[in-house]
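Please read the structure below before turning to the comments.
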Amino acid sequence: MEVTQVLLSAQSVDSTVRKHAEETLKQFQEQNLPVFLLSLSAELASEEKPVDSRRLAGLILKNALDAKEQHRKYELVQRWLSLDVAVKSQIRAYLLQTLSSTVSDARSTASQVIAKVAGIELPQKQWPELIGSLLSNVHQVPPHVKQATLETLGYICEEVSPDVIEQDQVNKILTLVVQGMNANEANIDVRLAATRALYNALGFAQANFSNDMERDYIMRVVCEATLSPEVKIRQASYECLVSIGSTYYEKLAPYIQDIFNITSKAVREDEEQVALQAIEFWSSICDEEIDILEEYGGDFTADSDVPCYYFIKQALPALVPLLLETLLKQEEDQDQDEGAWNLAMAGGTCLGLVVRTVGDDIVPLVMPFIEENLSKEDWRRREAATYAFGSILEGPSPDKLTPIVNVALNFMLTALTKDPSSHVKDTTAWTLGRIFEFLHGSAVENPIITPSNCQQIVTVLLESMKDAPNVAEKACGALYFLTQGYEDLGSTSPLTPYFQDIVQCLLNVTHREDAAESRLRSSAYETLNEVVRCSTEETARLVLELVQVIMQELHKTLEAQKLSSDEREKQNELQGLLCGCLQVIIQKLGVSEATKFAFMQYADQIMSLLLGVFACRSATVHEEAMLSIGALAYATGPNFAKYMPDFYKYLEMGLQNFEEYQVCSVTVGIVGDICRALEDKILPYCDGIMTQLLKDLSSNQLHRSVKPPIFSCFGDIALAIGENFEKYLMYAMPMLQSAAELSAHTSGADDEMIEYTNLLRNGILEAYSGIFQGFKNSPKTQLLIPYAPHALQFLDSIYMEKDMDDIVMKTAIEVLGDLADTLGSNAGSLIQQSMSCKDFLNECLSSEDHLIKESAEWARLAISRAISV
Amino acid sequence: MADETSKHPKRESIKSSVGSIAGQRRREKAVMVGKQRRELLMRTKRLCRVGVSSDSANVDADDDDMMMDGEQSILEDQTLKAVQELKNAVSYQGKGAMQKRVNALRELRRLLSKSEYPPVEVALTAGAMSTLVQCLSFGSPDEQLLEAAWCLTNIAAGKPEETKALSPALPLLIAHMGEKSSLPVAEQCAWALGNVAGEGEDLRNILLSQGALQPLARMILPNKGSTVRTAAWALSNLIKGPESKAATELIRIDGVLDAILRHLKKGDEDLATELAWVVVYLTALSNVATNMLAKSDVVQILVERLASSHSLQLLIPLLRSLGNLVAGDSHVTSHILVPGNEITVNAIQAMIKCLESEHRVLKKESSWVLSNIAAGSIEHKKMIYSSEVVSLLVRLLSTAPFDIRKEVAYVLGNLCVAPAEGSGRPTLITEHLISLVGKGCLAGFVDLVRSIDTEAARVGLQFIELVLRGMPNGEGVKLVEAEDGIDAMERFQFHENEELRTMANELVDVYFGVNYRLDS
């Protein structure tokens with residue numbers, strides 16, 4: 001088969017030709033995969049072939065080795081591993097050969113494919129000679145081959161984990177890379193490739209960074225590279241520096257002064273993409289120090305793995321002026337561009353992080369800048385001063401800030417109404433929001449907002465909602481935090497007198513024609529939600545009226561017919577916002593019996609609207625609508641049963657939604673909500689639900705994060721239907737058992753895997769608890785006896801593993817109690833025989849965590865009762 | 001393909017839009033609500049039983065000996081701190097205030113649930129009560145009410161004076177059992193009040209005068225498992241008397257009788273247990289209640305559950321209720337437990353099961369029930385006499401502990417005498433007497449005569465009288481003497497109890513007087 005022509009046709013502008021070629025490739029792949037892959041690699045390697053066909057051949061190869069979706073990736077890996085050895089070694093040879101090509105696209109593509117193959121094979125101890133063959137002869141080859149080799153090594157480091165490559169090979173790679181970065185390297189491409197490779201190889205350099213000499217050398221080379229005449233090399237070397245800052249924070253002390261010097265020069269003088277990385281270095285140092293100080297928790301006797309070197313505090317006198325300067329480098333109209341990221345924004349964000357790191361110390365350093373510039377003629381100066389003020393509000397103590405804010409508040413309120421620059425107003429509204437977020441609320445001793453200025457604040461904010469969309473959006477944010485500061489006040493709130501105006505104003509905002517800009521509409525709805533959530537019973541009647549308004553709005557979205565795809569997307573978004581609003585309102589009104597009663601008159605209508613929303617989307621269900629259903633189920637309780645016949649199909653659809661797994665996950669949660677609302681009235685639907693849940697569990701397409709909640713959901717169902725769960729035991733229990741076996745051991749797993757394993761354990765344990773408690777006091781408890789030994793074994797094994805988090809520990813000890821509680825004397829002897837139950841119980845009884853302790857005390861009681869019978 | 005731009009994802013600006021963060025938080029909160037409710041439901045499921053059966057706390061007392069004095073003082077310190085924290089939380093207003101209160105309450109509740117010696121006294125001295133009462137104020141969120149009521153429940157479970165300290169909280173606890181309260185709150189309040197009512201007559205009277213009976217009674221009407229159980233338990237404590245007024249009032253509340261019968265019949269064992277205790281007190285104290293119950297299906301239900309259950313906790317109140325009914329209203333024996341009816345056969349079978357059980361209390365209570373049935377008509381006596389019960393009783397009379405023997409003696413004694421007609425000494429059923437004496441039960445009765453318990457002694461003496469009078473051919477005299485009966489009776493020669501003294505002396509005089517010595 002002439003693969004070249006097909007590959008070229010597959011890039012044709014003529015869509016018929018293109019489609020035909022794609023189809024041919026697909027058939028080829030399906031008919032004979034080994035030959036297909038071989039042909040592609042040969043194509044990529046062949047210097048006679050056109051670059052376009054070579055590039056696409058490489059791309060298809062790469063896509064045959066890796067995919068984004070977990071399950072697909074797994075399939076591809078297995079497929080590659082099962083290929084004939086001879087085929088694989090031929091392909092590898094073609095790939096390595098391509099690295100010497102004179103065509104740079106071909107080399108670059110081959111580098112990436114090699115890295116993908118390495119990603120699969122090196123962990124399996126296959127292709128052991130790869131690194132060696134890349135490193136050999138590298139000094140004798142022409143520069144373009146050296147560049148390709150470095151690029152390949154960089155991609156390999158990105159692809160595999162550090163434990164896969166031997167230390168002596170790591171040493172060789174790093175030596176080669178650092179030599180390539182050296183100023184002596186005449187070839188720019190080689191130097192750039194080496195610098196980028198170092199970025200990926202830094203994670204492999206633990207040992208080298210612990211060795212003073214090697215570290216000094218690497219640091220010197222990186223710092224030198226930041227001075228390269230080539231902007232890309234400067235940028236890449238700063239990226240290395242950022243990564244070193246967070247990976248090797250504790251090794252930085254000897255270099256920090258030099259780094260400060262070069263970064264400040266870069267921020268002031270270099271091109272933007274370089275300057276941004278230089279600022280990023282300091283932001284990431286802030287991240288590190290904030291983490292370390294948080295771990296100290298203000299308690300300096302605590303051992304932290306890494307000590308804090310207070311780099312930021314030391315750099316403060318020079319760093320603050322540097323960052324303040326950047327604030328003056330705003331772009332025109334950046335306030336209206338959501339994705340904007342420039343020097344001023346990076347500098348402001350870094351300043352905010354610096355403030356969080358050092359607290360009070362920064363205030364005197366920033367105040368002069370604010371005072372000097374706040375009333376300047378030039379809008380840039382006013383905006384920068386306001387931004388600086390906004391940035392210092394999180395971190396310093398209220399004692400330090402309150403007097404300043406008290407003085408500034410009026411100024412800010414005036415600026416928000418009167419400043420001619422919309423950019424200044426935008427930042428002013430944001431700053432007000434930060435004031436309310438951090439200095440308002442009952443935790444604050446000296447309130448910023450008093451009965452005398454509350455009205456003015458509300459008036460100004462509501463007025464600003466008529467301003468440009470970006471300003472109005474920030475005003476919504478300010479109102480959001482103002483409202484939040486008054487939550488939990490009990491029966492009366494200072495905002496009550498303005499409640500109606502606020503709600504009306506926010507609703508008006510949602511109707512603005514330009515509400516789609518600057519996320520104004522969604523901010524307005526979320527602010528409305530917060531206003532409702534924090535409202536008191538004084539305004540319950542108004543919230544009830546709001547229900548009708550929101551219902552009306554939702555109704556309107558359902559009437560629209562024949563929408564374009566663009567309009568449909570807008571409809572979806574709006575429905576999402578409205579459902580979110582309903583969800584908050586239902587939750588609010590459902591809390592007290594009196595308002596719940598009044599609300600119930602709308603329950604039928606709301607339900608039919610939500611069903612309408614579900615019907616709008618054929619295959620998927622609206623996550624927000626699902627959440628509203630959950631709230632409605634709690635509010636209506638057993639009466640929710642009457643909605644089930646109509647709602648059930650959407651519930652099933654949600655549970656089948658593998659692609660949008662968040663929807664599936666939310667729906668699983670809703671099943672739990674409905675179980676608690678309906679109790680045994682959910683029984684008629686359980687066959688369908690259980691079938692779907694079991695399917696979900698056995699699918700390897702579904703995102704793994706949904707599986708733990710599905711197990712918990714078994715527990716919810718069992719709790720609701722009690723001994724009627726009997727018929728599902730034979731399906732559910734083996735699932736639980738095999739998942740339990742999988743999750744019992746975590747050896748060799750990374751942090752992310754351990755976290756997931758604990759989530760899974762928690763789900764399994766919640767399932768056991770629900771089932772045991774569901775059967776409690778039923779004559780059928782003996783049906784559970786055969787499953788008890790396995791449950792106990794599971795507890796034994798996770799106890800032995802010693803890597804439970806606190807949540808799992810609590811759920812696990814509760815399962816032990818549930819088992820004893822439900823099975824009584826039948827469990828007594830099993831528990832006494834268990835290897836570690838007693839130790840586990842004792843450990844929980846002496847836990848620091850009072851929730852664990854409480855559960856353990858209960859479990860002990862249940863066990864002693866079971867044993868004494 | 002190669003990534004030419006920065007490898008970093010862009011850092012999030014601190015100047016961001018509120019909409020997306022707020023939406024994220026809102027959705028997370030919505031999911032959290034579900035998790036919290038699951039927790040709450042599980043907690044209710046798990047904990048109810050622990051507290052309701054008030055004696056379960058003793059079960060683990062023996063393996064908690066590690067509780068040193070040192071730990072106790074740490075606990076007390078923590079409690080002081082927790083009370084202070086709660087006071088702060090209550091006076092604090094605004095952002096997060098509710099969560100703060102709930103957390104503080106939860107901490108205090110946890111401390112109060114801890115150990116066998118909860119630091120109730122410390123908490124009270126620190127002034128916890130008035131703060132807890134504040135936390136119960138109307139309009140408070142459920143979570144807060146629940147925790148506060150829970151704290152009070154634990155305090156009420158303490159020593160008598162600690163329970164009395166609850167007085168200021170009682171009206172609010174009662175109010176929160178109203179129809180508009182959520183079930184968990186109402187249940188927790190019922191629990192607290194149950195503890196208070198269990199403390200003594202004074203507190204019961206206070207609760208009754210404050211109207212606790214109606215809301216508690218209303219709580220047992222629906223079919224809500226744990227709530228009904230807790231309410232029933234609280235009710236049984238509340239109507240304990242000694243006055244009968246509350247019991248009478250309770251049974252007269254609309255729907256209560258039906259609810260009692262329904263739960264007793266269909267409820268799980270824990271629920272039935274609490275209801276059975278309510279029936280025990282109703283039938284023990286109130287004639288009105290006894291009459292109403294006697295005319296209902298209650299006997300049928302009691303007998304059925306007696307037959308089907310193996311739970312000691314349930315069997316005891318069932319037996320006692322049945323005994324009260326048999327003893328309290330002749331309707332039961334004359335119309336329901338009539339010889340020949342199936343229910344009567346079942347009842348006797350149930351008694352046999354209890355007599356054969358390992359538990360002392362069951363043996364004693366079932367003997368007592370039997371003694372009341374045996375006090376009935378000739379037919380009743382014949383029925384018992386011809387059942388397996390008799391051989392069991394005879395064995396018990398010689399082997400069982402004293403209190404059981406005494407009850408057994410009543411049954412056996414009753415079997416040998418016909419219902420009294422008019423006054424005078426009861427007529428003998430000679431056939432029964434001969435057979436029982438033949439089985440060797442006289443020794444058991446003589447033994448009772450020797451006991452210091454006057455009632456037991458009287459039963460013993462009465463039976464000896466029957467033997468002396470009723471055994472044909474004057475055999476009784478020899479039998480009594482052979483069992484050292486004379487010696488046993490002579491103990492009463494100068495006994496302070498006049499009735500026994502007269503009775504014993506008379507018997508000795510009549511049967512073993514001067515003539516006897518000469519004759520022999």
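Here the protein sequences come in this chain order: A and B. Under the UniProt record's numbering, the first residue of the first sequence carries the number 1, and numbering increases by one thereafter. Under the UniProt record's numbering, the first residue of the second sequence carries the number 1, and numbering increases by one thereafter. Cβ atoms here follow ideal geometry from the backbone N, Cα and C, with glycine treated the same way.
Beta-carbon separation (whole angstroms), residue i vs residue j, contact threshold 8 Å
i: B/GLN144; j: B/VAL102; result: 5 Å
i: A/SER464; j: A/LEU416; result: 6 Å
i: B/THR290; j: B/LEU325; result: 6 Å
i: B/THR230; j: B/GLY194; result: 7 Å
i: A/ASP335; j: A/HIS440; result: A/ASP335 to A/HIS440, Cβ: 24 Å. No contact.
Chain B contact residues for residue i, given Cβ-Cβ distances below 9 Å
i: A/SER491; result: GLY139
i: A/VAL138; result: Under the 9 Å cutoff, chain B gives no residues; its nearest Cβ is about 20 Å from A/VAL138.
i: A/ALA631; result: ALA30 and VAL33
With 16 other Cβ atoms within 10 Å as the buried cut-off, status of residue i
i: A/PRO451; result: exposed
i: B/HIS335; result: exposed
i: B/GLY200; result: exposed
i: A/MET690; result: buried
i: A/ASP566; result: exposed
i: residue 559 of chain B; result: This structure gives no information on residue 559 of chain B, because the portion of chain B shown stretches from 1 to 520.
i: residue 872 of chain A; result: The question about residue 872 of chain A has no answer, for chain A in this structure spans 1 to 869.
i: B/THR125; result: exposed
i: A/HIS139; result: exposed
i: B/HIS176; result: buried
i: A/ASP646; result: exposed
i: A/TYR74; result: exposed
i: A/LYS19; result: exposed
i: A/ILE550; result: buried
Contacts of residue i in chain A (Cβ-Cβ under 9 Å)
i: B/LYS95; result: HIS440, GLY441, SER442, ALA443, VAL444, GLN484, GLY485, TYR486, GLU487, ASP488 and LEU489
i: B/VAL102; result: Those within 9 Å of B/VAL102 in chain A number zero; the least Cβ separation is about 10 Å.
Beta-carbon neighbours of residue i, restricted to chain B and to distances below 7 Å
i: A/GLY352; result: ILE14
i: A/CYS476; result: VAL18
Contact check, residue i vs residue j, beta carbons under 8 Å
i: A/ALA197; j: A/VAL160; result: no
i: A/LEU61; j: A/LEU44; result: yes
i: B/LEU213; j: B/ALA246; result: yes
i: A/ALA193; j: A/GLY203; result: no
i: A/PHE725; j: A/GLY774; result: yes
i: A/ALA388; j: A/ILE370; result: yes
i: B/ALA232; j: B/GLU179; result: no
Closer than 7 Å: residue i CB and nearest the ligand GTP heavy atom
i: B/THR273; result: Ligands displayed in this structure: none; no statement on the ligand GTP is therefore possible.
Chain A contact residues for residue i, given Cβ-Cβ distances below 7 Å
i: B/LEU41; result: ARG676 and LEU719
Proximal chain A residues relative to residue i, where beta-carbon distance stays under 8 Å
i: B/SER91; result: Ordered by position in chain A, no residue passes the 8 Å Cβ test against B/SER91, which lies about 11 Å from the chain.
i: B/ALA22; result: TYR480, SER523, GLU526, THR527, ASN529 and GLU530
Checklist entry - Does the stretch 350-370 of chain A touch the stretch 277-296 of chain A, meaning 3 or more C-beta pairs lie closer than 8 Å? => result yes
Checklist entry - Counting pairs of Cβ atoms below 8 Å between the stretch 268-285 of chain A and the stretch 216-236 of chain A, do you hit three or more? => result yes
Item to check | the stretch 565-579 of chain A in contact with the stretch 595-605 of chain A per 3-pair CB rule at 8 Å | outcome: no
Checklist entry - Can you find at least 3 beta carbon pairs, one from the stretch 355-364 of chain B and one from the stretch 285-303 of chain B, that sit closer than 8 Å? => result no
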